[in-house]
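Peer 1:
Protein chains: 2
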Amino acid sequence: MGIDESSTKPTRPYHHGNLVEALLSATVEIIEKQGVERLSVRELAKRVGVSPGAPFQHFASKEALLTAVAEQAMTRLTEAALEAEAAVGGDDRLSRVEAIGQGYLKWALTNPTHFEVISSRKLIDFQSSSSLRAQNEAIRERMYKLLREAQARKELAPELEIDSVVLSCRAFVYGLARMAVDGHFPEWHPAEEPAIATKRALRAFIDGMRSKAET
Amino acid sequence: MGIDESSTKPTRPYHHGNLVEALLSATVEIIEKQGVERLSVRELAKRVGVSPGAPFQHFASKEALLTAVAEQAMTRLTEAALEAEAAVGGDDRLSRVEAIGQGYLKWALTNPTHFEVISSRKLIDFQSSSSLRAQNEAIRERMYKLLREAQARKELAPELEIDSVVLSCRAFVYGLARMAVDGHFPEWHPAEEPAIATKRALRAFIDGMRSKAET
DNA sequence: AGCTCCATCTAATCACTGTTTAGATGAGGA
DNA sequence: TCCTCATCTAAACAGTGATTAGATGGAGCT
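Chains A and B, in that order, are what the protein sequence lines are.
Numbers 1 to 215, taken from my numbering, label the letters of the first sequence in order.
Numbers 1 to 215, taken from my numbering, label the letters of the second sequence in order.
The structure is reproduced here in structure tokens:
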């Protein structure tokens, strides 16, 4: 009846409007301040101003909703990582690999909930999202390429195998990010001290893979 | 009224019996074959043969139940890691650190669901369990000690800082375990190929921290 | 303009969930 | 024997994700 009577939302058009985007951005708001585990589709619907069943017209399930959120987030993560690499520039391949890791880590620590959604594969349907799989591949492929070049240029310690190195790099960065997100570092609450410690650890890790020629 | 009429359980005494242990073992059975996310207290109660409210007499919440399960699991994880270290023996401190990691990893890959429960701090109340905190400390303290000794014996590359190394080791092993548990290695389903790849990666990681003197 | 069509949304309902409460029950100690 | 008290049941509450039939109203055609 009334023209519009509530909601802190900027725009006032529902009943017919852009529900999909409204749902996505409201989901982001909720999970960022309440955590993913406290996201309820019904509460979400209420916040957006629609009936409890409305979201299911656009997303087959709660998992599908979160998968859509994850796709957006994964794009930003990939961008952050690859832009960090581009930012360092230079010829040193291992420094570029390190930069990817630093960019990845920084993003994960800055957006812990989103990182959780992306990486936990029980909240989303990762396999059926070609977008998510593609982004994942993109980072890994980039690392492969850089490491192969590093090997060819003798930057990499000769005894190291590339497949193993790629796995190690992924695990190392993922481990740091996950430990932080999973609450294994209760001593540092702000996203500042982690940045220092993880930065140093990652640098040392990468330097440990270099050929012993140079100092 | 019948004496006993159902249940695959070995013993038949409830109404008065050892409900606590029955609940714990049934929980383990369920989460191992269905996953933690599909554990329902009501289904658990039905399986054990009690009313839906009964479990709450012994565990304040579902979280408390899972915390109890996590305590048992954490004890086994710690044992596995420290026994692996004892098994290698020898003087080489870094090999012992590696053994801890290998034992930890092997246990995690063999018991993925339990590892998930232990490490995800949103399913359990880690902070309020002194048992969980103590076990966690035990492994870390052991690593600290070994690494300090390694440093004193010049086994460790001199430019490395111990705090940073401990963090790196934890993150590396945790990352490998978590990636496997989180489904980042869909190409290896059986717990065999991971064992090979992660073993090799961990070994290379540890060797990368050694002093460059020896070959 | 009117009208029809169809995506969109509502209302109601289903089968669940975790958790709380008052009260029944029955084993162990006096 | 009876009394006590931990243990368990029954019932209810408030919430969840998801499905369905039907209302609604804007877009596009005649």
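Positions of the beta carbon are idealized from the N, C-alpha and C atoms, including for glycine.
1. Taking contact to mean at least 3 C-beta pairs separated by less than 8 Å, is the region 125-145 of chain A in contact with the region 24-34 of chain B?
2. Please list, in chain order, the residues of the region 144-175 of chain B that have any C-beta partner in chain A closer than 9 Å.
3. Taking the continuous alpha helix (DSSP H) assigned at Asp163/B, which residues delimit it?
4. Using beta carbons (cut-off 8 Å, strictly below), is Ile30/B in contact with chain A?
5. Counting only C-beta atoms, is Lys62/B closer than 8 Å to chain A at any point?
6. With a threshold of 8 Å between beta-carbons, can Arg12/B be considered close to chain A, or not?
7. So if DSSP puts Leu156/A in a beta bridge, which residue, or which two residues, is it bridged to?
8. Interface residues of chain A around Lys199/B at Cβ under 7 Å?
9. At least one CB of chain B closer than 8 Å to the CB of Glu137/A: is that the case?
10. Are the beta-carbon atoms of Ile118/B and Ala73/B separated by less than 8 Å?
11. Expressed to the nearest angstrom, what Euclidean distance is found between the alpha-carbon atoms of Ala197/B and Gly175/A?
12. In its own chain, which residues sit with a C-beta less than 7 Å from the C-beta of Glu71/A, not counting the 5 before and 5 after it?
13. Give the secondary structure of Asn111/A by DSSP, where H, G and I count as helix, E and B as strand, and everything else as coil.
14. What would DSSP say about Ile124/A, mapped onto helix, strand or coil?
15. Taking C-alpha atoms, which residue in Arg148/A, Ser61/A, Gly183/A, Ile206/A lies nearest to Gly35/A?
16. Flag this pair as yes or no: are the beta carbons of Pro112/B and Val41/B separated by less than 8 Å?
17. If the cut-off is 8 Å on Cβ atoms, which residues from the region 107-136 of chain A count as contacting chain B, listed in chain order?
18. Check whether the Cβ of Lys33/A lies closer than 8 Å to any Cβ atom in chain B.
19. Measure the C-alpha to C-alpha separation of Ile30/A and Met143/B and round it to an integer number of angstroms.
20. Apart from the five residues on each side of it in sequence, which residues of its chain come closer than 7 Å, Cβ to Cβ, to Leu66/B?
21. Suppose contacts are defined by Cβ-Cβ distances below 8 Å. Is Cys169/B in contact with Val97/B by that definition?
22. In chain A, which residues lie less than 7 Å from Asp92/B when you measure between Cβ atoms?
Peer 2: Based on what the coordinates show:
1. Segments in contact, no.
2. Along the region 144-175 of chain B, going in chain order, the ones with a CB nearer than 9 Å to a CB of chain A are Ala157, Glu159, Leu160, Glu161, Asp163, Ser164, Val165, Leu167, Ser168, Arg170, Ala171, Phe172, Val173, Tyr174, Gly175.
3. Counting from one through the second sequence, the residue named residue 163/B turns up at place 163. It spans 162-181 - the alpha helix (DSSP H) in which Asp163/B sits, taken as one unbroken run.
4. Numbered from its first residue, the second sequence carries residue 30/B at position 30. Ile30/B is outside the set of residues whose beta carbon lies under 8 Å from a beta carbon in chain A.
5. As a first step, residue 62/B must be located in the second sequence, where it is residue number 62. No, its Cβ sits nowhere closer than 8 Å to a Cβ of chain A.
6. As a position in the second sequence, residue 12/B is number 12, starting the count at 1. Note that Arg12/B has pLDDT 39, beneath the 50 cutoff, so the model's placement of it is unreliable and no number is given.
7. Reading the first sequence from its first residue, position 156 is the one you call residue 156/A. In DSSP, Leu156/A forms a bridge with Arg210/A.
8. Here residue 199/B refers to the residue found at position 199 when the second sequence is read from its first residue. Correct list: empty, because the minimum Cβ distance to chain A is about 10 Å.
9. Here residue 137/A corresponds to residue number 137 of the first sequence, with the count starting at 1. Under the Cβ distance rule, Glu137/A does not count among the residues neighbouring chain B, no pair being separated by less than 8 Å.
10. One-based indexing of the second sequence puts residue 118/B at position 118. One-based indexing of the second sequence puts residue 73/B at position 73. At the C-beta level, Ile118/B and Ala73/B come within 8 Å of one another.
11. By 1-based counting over the second sequence, the position of residue 197/B is 197. By 1-based counting over the first sequence, the position of residue 175/A is 175. Take the alpha-carbon of Ala197/B and the one of Gly175/A: they are about 16 Å apart.
12. The residue given as residue 71/A occupies position 71 in the first sequence. If we look at Glu71/A and ignore the five residues flanking it on each side, its Cβ neighbours are Ser129, Ser131, Leu132.
13. Counting from 1 along the first sequence, the entry for residue 111/A is found at position 111. In the structure shown, Asn111/A adopts coil according to DSSP, grouped into three states.
14. For the purposes of this step, residue 124/A is taken as the residue at position 124 of the first sequence. Here Ile124/A sits in coil by DSSP.
15. Taking the first residue of the first sequence as 1, we reach residue 35/A at position 35. That would be Gly183/A, whose Cα lies nearest to the Cα of Gly35/A.
16. Looking up residue 112/B in the second sequence gives position 112. Looking up residue 41/B in the second sequence gives position 41. Going by beta carbons, Pro112/B and Val41/B fall outside the 8 Å limit.
17. Those residues of the region 107-136 of chain A that come within reach of chain B (Cβ to Cβ, closer than 8 Å) are Ser119, Ser120, Arg121, Lys122, Phe126, Gln127.
18. Indexing the first sequence from 1 puts residue 33/A at position 33. Put simply, the CB of Lys33/A is far from chain B, with every gap to its CB atoms at 8 Å or more.
19. Mapped onto the first sequence, residue 30/A falls at position 30. Mapped onto the second sequence, residue 143/B falls at position 143. Spanning the two alpha carbons is a distance of roughly 40 Å.
20. The count along the second sequence starts at 1 and reaches residue 66/B at position 66. Taking Leu66/B as the centre and dropping the five residues before and after it, the same chain places the C-beta of Val117, Leu123, Ile124 closer than 7 Å to its C-beta, in chain order.
21. As a first step, residue 169/B is located in the second sequence; it is residue number 169 there, counting from the start. As a first step, residue 97/B is located in the second sequence; it is residue number 97 there, counting from the start. Yes, the Cβ-Cβ distance between Cys169/B and Val97/B is below 8 Å.
22. As a first step, residue 92/B is located in the second sequence; it is residue number 92 there, counting from the start. For Asp92/B, no chain A residue has a Cβ inside 7 Å of its Cβ, as the nearest lies near 18 Å away.
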